[in-house]
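Below: one structure, written as C-alpha cells.
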Amino acid sequence: MESLLLVLVGVLVGLTTALFGFGGGFVTVPIITVADAGLGDRAAQVAAATSALVMLVNAAVATASTRPEVLRALRGRTGLLLLLAAGGAVGAAAAGGAPEAALRWGFVAYVGATVVDLLVRPGFFGGSRRTDPDRTGATGVPTALGLPIGAIAAFLGVGGSVLTVPVMRRSGAPMAVATTLANPLTLAIVAPAVAVVLLGPADASAPGVVGAVDVRAALALLTGAMPVIVLLRRRPPRVPEAVHAWGYLLLLVAAACTVALA
Numbered sequence: 001m002e003s004l005l006l007v008l009v010g011v012l013v014g015l016t017t018a019l020f021g022f023g024g025g026f027v028t029v030p031i032i033t034v035a036d037a038g039l040g041d042r043a044a045q046v047a048a049a050t051s052a053l054v055m056l057v058n059a060a061v062a063t064a065s066t067r068p069e070v071l072r073a074l075r076g077r078t079g080l081l082l083l084l085a086a087g088g089a090v091g092a093a094a095a096g097g098a099p100e101a102a103l104r105w106g107f108v109a110y111v112g113a114t115v116v117d118l119l120v121r122p123g124f125f126g127g128s129r130r131t132d133p134d135r136t137g138a139t140g141v142p143t144a145l146g147l148p149i150g151a152i153a154a155f156l157g158v159g160g161s162v163l164t165v166p167v168m169r170r171s172g173a174p175m176a177v178a179t180t181l182a183n184p185l186t187l188a189i190v191a192p193a194v195a196v197v198l199l200g201p202a203d204a205s206a207p208g209v210v211g212a213v214d215v216r217a218a219l220a221l222l223t224g225a226m227p228v229i230v231l232l233r234r235r236p237p238r239v240p241e242a243v244h245a246w247g248y249l250l251l252l253v254a255a256a257c258t259v260a261l262a
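In case it helps, full-length UniProt numbering puts the sequence shown at residues 1 to 262.
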C-alpha cells in the first residue's frame with residue numbers, strides 16, 4: 001500500500017517537474033519525511049538524499065525531453081553550471097552531518113521566506129522586464145549565485161527551481177520558460193549531490209536504504225513520475241501565466257506546511 005501511494009505521489013512529482021520545474025524536492029522531502037518517520041533523527045537526512053536522487057532522474061528526463069531551442073538559453077553559461085555543481089556537492093556533504101532539526105526547519109524557513117518574498121517584492125507575478133544580458137545571460141541567474149544556490153538547494157533538498165525560478169521571472173522570463181530551464185539547472189546541482197550521498201555509509205538497520213537514500217521509495221516515485229514528464233514535455237499544456245505563477249506559490253506553501261506538521 002505504501003509503494004502504491006508513493007507511485008501516485010510520483011505522478012504528482014512528474015506534474016510539478018514538467019509544469020513548475022520542481023524535480024521533486026519540495027514534494028518528495030515532506031512525503032519521504034513522513035514515510036521514513038521510523039528512522040527517527042535520520043528521517044530528514046534520508047528524505048533530502050532520496051529527494052536528490054529523484055530530482056536527478058526527473059531533471060535528466062525533463063531536460064532530455066525539452067525542445068532544443070529552449071535549451072539554447074543556457075549557451076555560454078558554463079561558469080554558472082560549474083558553480084551550481086560545486087555548490088551541490090558542498091551542500092550534500094554538509095547535510096550528511098547536519099542535525100535533523102536543521103534540515104527540517106531549514107527547509108520550512110527557506111520555503112516560507114521564499115513565499116513571503118514572492119508576495120512582497122514585485123516582479124514574480126507580473127514578470128519583470130528588467131534584464132542585464134551581459135551580466136546574467138538568458139537565464140537571468142548571475143553566475144556568482146551558482147555556488148550559494150547549489151549549496152542551499154542540496155543541503156535542504158528543495159531543488160534548484162525554488163531558488164532559480166523567482167530570479168528568472170524577475171529577469172523577464174515567462175513562467176513556461178523559467179520552469180523549463182529550472183530542470184537543467186537542477187540537474188547541474190543534484191548530479192554531484194547524489195554522488196556524495198551515495199558514497200556515504202550504508203545504514204544496515206534500515207532496509208532499502210543505501211548510503212542515505214531510500215532506494216525503494218525513490219524507485220516507486222520515479223515509476224509514477226517519468227511517464228508524466230515525458231508526456232507533458234512532448235505535449236505541453238497551455239497554462240495562463242497568472243494561474244501558473246499562483247500555482248507555483250501555493251505548492252510552496254503546501255510543502256512548507258507538510259514538513260512543519262510532519
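Each residue gets a CB set at the ideal place from its N, CA and C atoms; glycine is no exception.
*Would DSSP call Val210 helix, strand or coil?*
Locating residue 210 in the sequence shown gives position 210, counting from the first residue. In the structure shown, Val210 sits in a strand (DSSP, three-state: E or B).
*What are the complete beta strand (DSSP E) segments, minimum 3 residues, inside the segment 60 to 108?*
none
_Quick check on Gly126: buried or exposed, where buried means 16 or more other Cβ atoms within 10 Å of its Cβ?_
Taking the sequence shown and counting its residues from 1, one reaches residue 126 at position 126. With fewer than 16 other Cβ atoms within 10 Å, it is exposed.
_Could you check whether the segment 93 to 100 touches the segment 215 to 232, counting it as contact only if at least three pairs of C-beta atoms, one from each stretch, sit closer than 8 Å?_
no
*Counting only the same chain and skipping the five closest in sequence on each side, list residues whose C-beta sits under 7 Å from that of Thr131.*
Here residue 131 corresponds to residue number 131 of the sequence shown, with the count starting at 1. Residue placement at Thr131 is poorly supported in this model, since its pLDDT is 44, which falls under 50; the coordinates are not used for a value here.
_With the cut-off set at 8 Å, would you say Ala86 and Leu147 are in Cβ contact?_
Here residue 86 corresponds to residue number 86 of the sequence shown, with the count starting at 1. Here residue 147 corresponds to residue number 147 of the sequence shown, with the count starting at 1. Contact: yes.
*Between which two residues does the alpha helix (DSSP H) containing Arg169 stretch?*
Within the sequence shown, the letter at position 169 stands for residue 169. Arg169 -> alpha helix (DSSP H) spans 161 to 170.
_Sufficient close CB pairs (3 or more, under 8 Å) joining the segment 110 to 124 to the segment 249 to 257_ = yes
*Hey, could you find the ends of the alpha helix (DSSP H) Val239 is sitting in?*
Within the sequence shown, numbered from 1, the residue matching residue 239 stands at position 239. It is not in any alpha helix (DSSP H) - Val239 carries neither H nor E in the DSSP assignment.
*Cβ separation of Val57 and Leu222, assumed to be a contact under 8 Å, to the nearest whole Å*: Counting from one through the sequence shown, the residue named residue 57 turns up at place 57. Counting from one through the sequence shown, the residue named residue 222 turns up at place 222. About 5 Å separates the two Cβ atoms, so the contact holds.
*Same chain, Cβ closer than 7 Å to Ile229, five either side skipped, listed in chain order*: Along the sequence shown, read from residue 1 onward, the residue named residue 229 stands at position 229. These residues qualify, in order along the chain: Gly14, Thr17, Ala18, Asn58, Val61, Ala62, Ser65.
*Along the chain, which unbroken stretches of the alpha helix (DSSP H) at least 4 residues long are found entirely within the segment 10 to 36?*
25 to 35
*Span separating the alpha-carbon of Asp134 from that of Ala182*: Taking the first residue of the sequence shown as 1, we reach residue 134 at position 134. Taking the first residue of the sequence shown as 1, we reach residue 182 at position 182. Because the pLDDT at Asp134 is just 37, under 50, the model does not fix this residue reliably, and the point stays unresolved.
*Cβ atoms of Leu145 and Ile152: under 8 Å apart, would you say?*
Start at 1 with the first residue of the sequence shown, and residue 152 comes out as number 152. Start at 1 with the first residue of the sequence shown, and residue 145 comes out as number 145. No, these two residues do not count as a Cβ contact at 8 Å.
*Burial state of Pro166 (16 or more Cβ within 10 Å)*: Walking along the sequence shown from the start, residue 166 turns up at place 166. Counting C-beta atoms within 10 angstroms of its own C-beta, Pro166 has 16 or more neighbours from the protein chains shown and is therefore classed as buried.
*Should Leu5 be labelled buried (16 or more other beta-carbon atoms within 10 Å of its own) or exposed?*
Here residue 5 corresponds to residue number 5 of the sequence shown, with the count starting at 1. Leu5 should be labelled exposed.
*Is the Cβ-Cβ distance between residue 264 and Ser51 less than 8 Å?*
Within the shown structure, residues of the chain are numbered from 1 to 262, placing residue 264 beyond reach of any answer.
*Taking 7 Å as the cut-off, is the CB of Ala109 close to at least one heavy atom of the ligand GTP?*
In the structure on display, the ligand GTP does not appear, and there are no ligands present to speak of.
_Taking its Cβ as the centre, do 16 or more other Cβ atoms sit within 10 Å of Ala37, making it buried, or is it exposed?_
Walking along the sequence shown from the start, residue 37 turns up at place 37. Looking at its Cβ environment, which holds fewer than 16 other Cβ atoms inside 10 Å, Ala37 is exposed.
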